[in-house]
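K.L.:
Be aware that the sequence shown starts at 39, since it is given in this note's numbering, and climbs by one per residue.
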Amino acid sequence: MEVLVKLCECEPCGLSPLGPVQFGFCHCRCGLPAPIAKETDRRQGYIKGQPVRFISGHYASLLRQDPTERYWPKVDKNGPIIRPELGQCWLFTGYRNKYGYGVIWDGRRTRLAHHIALEFVGFVIPFEGLQVLHLCDNPPCVRPDHLLIGTAQDDADDKISKGRQPRGENVHTAKLRQIDVDEIRRLYRAGGTTQEVLAQRFGVNQSRISDIIRGKTWNVEVPA
């Protein structure tokens with residue numbers, strides 16, 4: 039049986055595109071009540087005596103929808119204004135990954151929501167190695183004119199220009215703390231030790247010690 043997927047605003051069936059599906063109805067939003075699970079099946083997410091999420095065959099029907107029908111109902115266009123010159127953010131309200139970026143299934147694979155937003159308005163990411171940058175610095179935002187295709191270096195430069203690049207001990211791979219760096223500089227200025235000895239003591243290589251002493255890393259003004 040072919041299932042016609044529709045969206046409506048009526049209260050009983052729970053098909054409002056802006057809200058969750060009402061309890062007991064199929065999650066494909068066809069408006070039909072979902073069957074009751076006869077037994078518990080953790081793999082399928084069934085709980086005995088409770089409605090299942092989809093009527094048999096309706097999940098496949100959901101994936102055949104025009105992707106925009108599943109996408110835009112998950113977008114809140116009344117988001118915050120982070121940069122006044124850009125206007126309001128459009129927030130993806132569906133699933134988000136640990137970095138705050140929206141994620142959605144496009145019928146073939148899991149995609150980042152802001153990438154799909156650009157494709158909807160005619161942009162494509164031409165080759166691997168390019169990224170979609172947020173001009174508004176708001177990861178869940180999918181407003182196309184808040185997005186820019188660029189390289190990883192463009193992204194890093196943007197972070198530095200806006201003061202968002204982690205520095206010093208805030209870098210997750212940092213082996214030293216600010217107190218260690220201060221001690222390295224104090225010991226070297228006092229004399230009687232070498233960069234090699236300091237490197238061995240603090241568990242880093244000599245070039246790292248040299249960069250710290252010269253102020254190339256752990257950026258501070260180095261006394262003359």
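Beta carbons are placed, not taken as given, at the ideal position from N, Cα and C, and that holds for glycine.
#1: Tell me the DSSP secondary structure of Pro122 in three-state form.
#2: Below 8 Å on the Cβ atoms is my contact criterion, and I expect Val159 with Val113 to pass it. Report the Cβ-Cβ distance as a whole number of Å.
#3: Looking at the secondary structure, which residues open and close the beta strand (DSSP E) in which Ile74 lies?
#4: Where Phe81 and Gly95 are concerned, what is the direct C-alpha to C-alpha distance, given to the nearest angstrom?
#5: Classify Ile251: buried if its beta carbon has 16 or more other beta carbons within 10 angstroms, exposed otherwise.
#6: Whole angstroms are fine: how far does the CA of Thr78 sit from the CA of Ala151?
#7: Whose C-beta lies closer than 6 Å to the C-beta of Lys86 among residues of the same chain, with five residues either side of it excluded?
#8: Starting from the C-beta of Lys115, find all residues in its chain whose C-beta is less than 6 Å away, skip the five residues before and the five after it, and write them out in chain order.
#9: On the DSSP bridge assignment, give the partners of Asp114 in chain order.
#10: DSSP state of Val170, grouped into three classes?
#11: Could you tell me which of Phe130, Ile142, Asp218 sits nearest to Pro178, measuring between CA atoms?
#12: What are the residues that DSSP puts in a beta bridge with Pro89?
#13: Helix, strand or coil for Arg149? Go by DSSP, reduced to three states.
P.N.:
According to the structure shown:
#1: DSSP, reduced to helix, strand and coil, places Pro122 outside both helices and strands of the structure shown, so it counts as coil.
#2: The pair is not a contact, with the Cβ atoms about 13 Å apart (cut-off 8 Å).
#3: Under the DSSP assignment, Ile74 falls outside any beta strand (DSSP E); it carries neither an H nor an E label.
#4: What sits at residue 81 in the sequence shown is Arg, not Phe. The straight-line gap from Cα to Cα measures roughly 17 Å.
#5: Its Cβ being crowded by 16 or more others within 10 Å, Ile251 is buried.
#6: Roughly 33 Å separates the two Cα atoms.
#7: Hits under 6 Å: Ala75, Glu77, Thr78.
#8: So the qualifying residues of the chain are Trp128.
#9: Beta-bridge analysis with DSSP links Asp114 to Leu129.
#10: The answer is strand: DSSP assigns Val170 an E or B state.
#11: For the residues Phe130, Ile142, Asp218, the minimum Cα distance to Pro178 belongs to Phe130.
#12: Beta-bridge partners of Pro89 (DSSP): Ile74.
#13: Residue state, collapsed to three classes: strand.
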